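Scroll down for the structure; my scribbles are underneath it.
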Amino acid sequence: MSRTDLTIAERIQSQLDTLTRAERQLAHAILENYPASGLGPLSALARDAGVSGPTVLRMVQKLGYSGYPDFQAELREELRAKVKSPIAKYDNWAEGAPSGHILNRFTEAVIDNIRHSLAQIEPEAFDAACALIADPDRKVHIVGGRITHTLAEYLYLHMQVIRPGVTHIQSTSNTWPHDLLDAGPGDIFVIFDMRRYENNTLKLAEMAVARGAQIILFTDQWRSPIHALAGICFSSRIVVPSAWDSLATPQLLVETMISAVQGLLWEDTRRRMETLEEMFDQTKLFRKFT
């Protein structure tokens, strides 16, 4: 980003408590259809949010912009960042790369990503997501994309041990509509979608919601289009000195979620683990040294 490491959505969320009632109404309207909501004329945004034009101007100035055109310019820059290819990402950071070993620079970027991301996540929302996933009366479906399937598989492997009723859906496969056949009200879809957002994953999310399911979304700081469908959304900062984005922060959230859900279901999980260990012994999957 040009002027700050924070996206406009992150700025809005961090300043909600300082806004007036009308400004908060406007802020929620912007976030509801972000970033498209702020790309039209000022009058259209004011009308859609049910506020006055001066309210729009006051709020964008509180966010640090000189006026509405300045605010829109930053939104357009965010949109360009959303669709950057790995080559463009590499060129962007390599041009002004500071001196120092890549180990240090990369680590500092990851730590900064974690710090910023955790500051934007409400503990109550995280607890609510864990409670939904731990609910034995709900089926849980876990979905990832071309790169984020690694996060989905990691979460699935652990949740499959922790509780029954968990499925892993391959969003890039032409068989994923089969997985929706038995999905219905009360089901939970945990979806991972980072930039460059995948059309298949969006379509799957739309169809899941149409069947009455709820979505827990793991996405990046610019937020996948799926965020408009999600009941709970966790945005992680992912930019590092690389042609590729970092999954370190969402991986941290996933591992924390595994720990939390395991704690909520520990007695049942322990019994499942004991049964699984007996199976491992029978199959001699792991070496034993005693």
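The sequence shown begins at 1 in full-length UniProt numbering and counts up one residue at a time.
Glycine included, every Cβ here is placed at the ideal spot set by N, Cα and C.
Values in this document were obtained by computation on a predicted structure and should not be read as measured data.
Measure the alpha-carbon distance for residue i versus residue j and round it to whole angstroms.
| i | j | result |
| --- | --- | --- |
| residue 105 | residue 280 | 42 Å |
| residue 230 | residue 80 | 23 Å |
| residue 198 | residue 145 | 7 Å |
| residue 150 | residue 250 | 11 Å |
| residue 11 | residue 65 | 11 Å |
| residue 174 | residue 17 | 45 Å |
| residue 60 | residue 222 | 18 Å |
| residue 56 | residue 74 | 16 Å |
| residue 271 | residue 158 | 14 Å |
| residue 248 | residue 171 | 22 Å |
| residue 169 | residue 176 | 6 Å |
| residue 195 | residue 110 | 17 Å |
| residue 76 | residue 39 | 8 Å |
| residue 200 | residue 23 | 36 Å |
| residue 285 | residue 162 | 20 Å |
| residue 204 | residue 107 | 35 Å |
| residue 103 | residue 15 | 34 Å |
| residue 51 | residue 27 | 11 Å |
| residue 241 | residue 142 | 29 Å |
| residue 13 | residue 288 | 52 Å |
| residue 207 | residue 188 | 13 Å |
| residue 68 | residue 100 | 39 Å |
| residue 25 | residue 210 | 27 Å |
| residue 54 | residue 183 | 46 Å |
| residue 6 | residue 274 | 46 Å |
| residue 121 | residue 31 | 15 Å |
| residue 41 | residue 19 | 22 Å |
| residue 46 | residue 178 | 43 Å |
| residue 44 | residue 235 | 27 Å |
| residue 190 | residue 243 | 27 Å |
Let's see if you can read the secondary structure: which residues bound the beta strand (DSSP E) around residue i?
| i | result |
| --- | --- |
| residue 236 | 232-236 |
| residue 143 | 140-144 |
| residue 168 | 166-170 |
| residue 190 | 188-192 |
With a CB to CB cut of under 6 Å and the five nearest residues on each side skipped, what residues in its chain are close to residue i?
| i | result |
| --- | --- |
| residue 166 | 140, 159 and 160 |
| residue 148 | 192 and 194 |
| residue 232 | 125, 129 and 216 |
| residue 301 | Past the edges of the chain, shown from 1 to 290, lies residue 301, and the structure says nothing about it. |
| residue 34 | 9 |
Enumerate in chain order the residues of its own chain whose CB-to-CB distance from residue i is below 8 Å, with the five nearest sequence positions on each side excluded.
| i | result |
| --- | --- |
| residue 238 | 113, 194, 195, 220, 221, 245, 246, 247, 249 and 250 |
| residue 136 | 163, 164, 165, 265 and 268 |
| residue 71 | 8, 38, 60, 63 and 65 |
| residue 180 | 204, 207, 208 and 211 |
Excluding five sequence neighbours on each side, which residues of the same chain lie with their C-beta closer than 7 Å to the C-beta of residue i?
| i | result |
| --- | --- |
| residue 225 | 197 and 202 |
| residue 282 | none |
| residue 29 | 37, 48 and 49 |
| residue 227 | 217, 219 and 233 |
| residue 276 | 161 |
Compare the C-beta of residue i with all C-beta atoms of chain B and state if any pair is closer than 7 Å.
| i | result |
| --- | --- |
| residue 105 | Here there is only one protein chain, and chain B is not present. |
Between which two residues does the alpha helix (DSSP H) harbouring residue i extend?
| i | result |
| --- | --- |
| residue 275 | 266-283 |
| residue 137 | Run containing residue 137: none; DSSP gives neither H nor E here. |
| residue 179 | 176-179 |
| residue 148 | Note, residue 148: premise wrong, no alpha helix (DSSP H); not H, not E. |
| residue 111 | 102-120 |
May I ask you to check if the CB of residue i is nearer than 6 Å to at least one heavy atom of the ligand FAD?
| i | result |
| --- | --- |
| residue 159 | You won't find the ligand FAD in this model; it holds no ligand whatsoever. |
Segment contact, 8 Å Cβ cut-off, at least three pairs: the stretch 148-163 with the stretch 247-258:
yes
Would the stretch 123-136 count as touching the stretch 261-277 if we require 3 or more Cβ pairs under 8 Å?
yes
Per the contact definition of three or more C-beta pairs closer than 8 Å, is the stretch 199-217 in contact with the stretch 101-116?
no
Any alpha helix (DSSP H) of 4 or more consecutive residues that is wholly inside the stretch 195-257:
199-210
Which ranges does the alpha helix (DSSP H) cover as unbroken runs of at least 4 residues, wholly within the UniProt domain "HTH rpiR-type" (6-82), from first to last along the chain?
8-15, 21-32, 42-49, 53-62 and 68-82
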